[in-house]
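Enquirer: The structure's right below; bear with me while I get my questions together.
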Amino acid sequence: MIDPRWVFLSMVFSLIGALRYAYLTLRGRVRPNLVSWSLWAAAPLIGFLAQLDAGVGMPALQTLASGLAPLLVLVSGLVSRHGRVRLSAFDLSCGGVALVAIVVWLALGNAPLAVLFAIAADAIAAIPTLIKAWRDPRSENASFYALIGAGSIVTLCTVASWRPEVWGFSAYILVLCTTLICVILGRRAAAVR
């Protein structure tokens with residue numbers, strides 16, 4: 002375990018990644034799926050509150066950053082109109098399921114289960130972006146996910162208690178970011194061939 006204050010580096014990675022992605026959104030170079038990004042903002046922010054309630058401490062700051070970064074991207078997508086706003090039935094159903102997971106989680110009042118439901122909601126919200134990245138890998142930016150994933154690694158290195166509510170969200174974010182990076186770069190490479 003490294004000093005818990007290293008989690009601030011994780012927050013810096015999130016902020017740099019979010020600012021870059023927001024800039025690219027404003028320029029029209031990436032097109033965020035607004036269903037994913039709105040839920041990616043909501044689920045971690047709710048998860049952060051659950052972690053505070055559970056006394057998680059400094060690692061919760063990475064969860065906070067994981068909510069604030071998508072909020073910045075969401076706002077840039079709405080302001081620039083470069084966000085994907087045409088919603089399919091699939092997008093709406095993913096959003097609906099994620100919202101139900103958040104409501105169920107809030108009703109439980111149990112921090113470990115709350116974090117688990119926040120992870121589930123976030124994962125479901127990721128599906129439209131994963132599909133979009135698969136179909137149009139140039140509409141995404143792998144460096145954003147690399148920075149967020151690096152922040153998760155730093156946060157995991159600061160964990161002193163291996164209770165799932167402490168490390169679960171950071172581990173999930175690392176897996177999600179790795180998956181998105183592989184999809185984006187793999188599909189781009191396949192398109193070149």
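In the numbering used here, the protein residues as written are 2 to 194. No residue lacks a Cβ here, since even glycine has one placed at the ideal position from N, Cα and C.
Can you give me the C-alpha to C-alpha distance between P5 and Q52, rounded to a whole angstrom?
Expert: One-based indexing of the sequence shown puts residue 5 at position 4. One-based indexing of the sequence shown puts residue 52 at position 51. Each residue's alpha carbon lies about 15 Å from the other.
Enquirer: Ignoring anything shorter than 4 residues or poking outside the region 51-81, list the alpha helix (DSSP H) runs there in chain order.
Expert: Runs found: 61-81.
Enquirer: Assign I3 to buried or exposed, taking buried as 16 or more other Cβ atoms, counted over all protein chains shown, within 10 Å of its Cβ.
Expert: Your numbering for residue 3 matches position 2 in the sequence shown. The residue is exposed, with fewer than 16 neighbouring Cβ atoms inside 10 Å.
Enquirer: Between the C-alpha atoms of G56 and L25, what's the straight-line distance to the nearest angstrom?
Expert: As a first step, residue 56 must be located in the sequence shown, where it is residue number 55. As a first step, residue 25 must be located in the sequence shown, where it is residue number 24. Taking the straight line joining both Cα atoms gives about 36 Å.
Enquirer: Indicate whether C95 and I128 have their beta-carbon atoms separated by less than 8 Å.
Expert: By one-based count along the sequence shown, residue 95 stands at place 94. By one-based count along the sequence shown, residue 128 stands at place 127. Contact flag set, yes.
Enquirer: Within 10 Å of its beta-carbon, does S89 have 16 or more other beta-carbons around it, so buried, or fewer, so exposed?
Expert: For the purposes of this step, residue 89 is identified with residue 88 of the sequence shown, where counting begins at 1. By the neighbour-count rule (16 or more Cβ atoms within 10 Å), S89 is not buried but exposed.
Enquirer: Could you round the C-beta distance between A143 and I185 to whole angstroms and report it? I think they count as a contact, below 8 Å.
Expert: Within the sequence shown, residue 143 is the residue found at index 142, counting from 1. Within the sequence shown, residue 185 is the residue found at index 184, counting from 1. At roughly 5 Å, the Cβ-Cβ gap stays under 8 Å, so A143 and I185 are in contact.
Enquirer: Counting only runs that start and end within the region 110-170, where is the alpha helix (DSSP H) found for 4 or more residues in a row?
Expert: Runs found: 112-136, 143-159.
Enquirer: Go through its chain and collect everything with a Cβ distance to A19's Cβ below 8 Å, but skip five positions before and after it.
Expert: Taking the sequence shown and counting its residues from 1, one reaches residue 19 at position 18. L69, A70, P71, L73, V74, F145, listed in sequence order.
Enquirer: Would you please state the rounded distance, in angstroms, between the beta carbons of I103 and F91? I believe it to be under 8 Å.
Expert: Looking up residue 103 in the sequence shown gives position 102. Looking up residue 91 in the sequence shown gives position 90. Wrong, their Cβ atoms sit about 19 Å apart, outside the cutoff.
Enquirer: Contact between the region 177-193 and the region 131-143 is defined here as three or more beta-carbon pairs at a separation below 8 Å; is this criterion met?
Expert: Verdict: yes, contact present.
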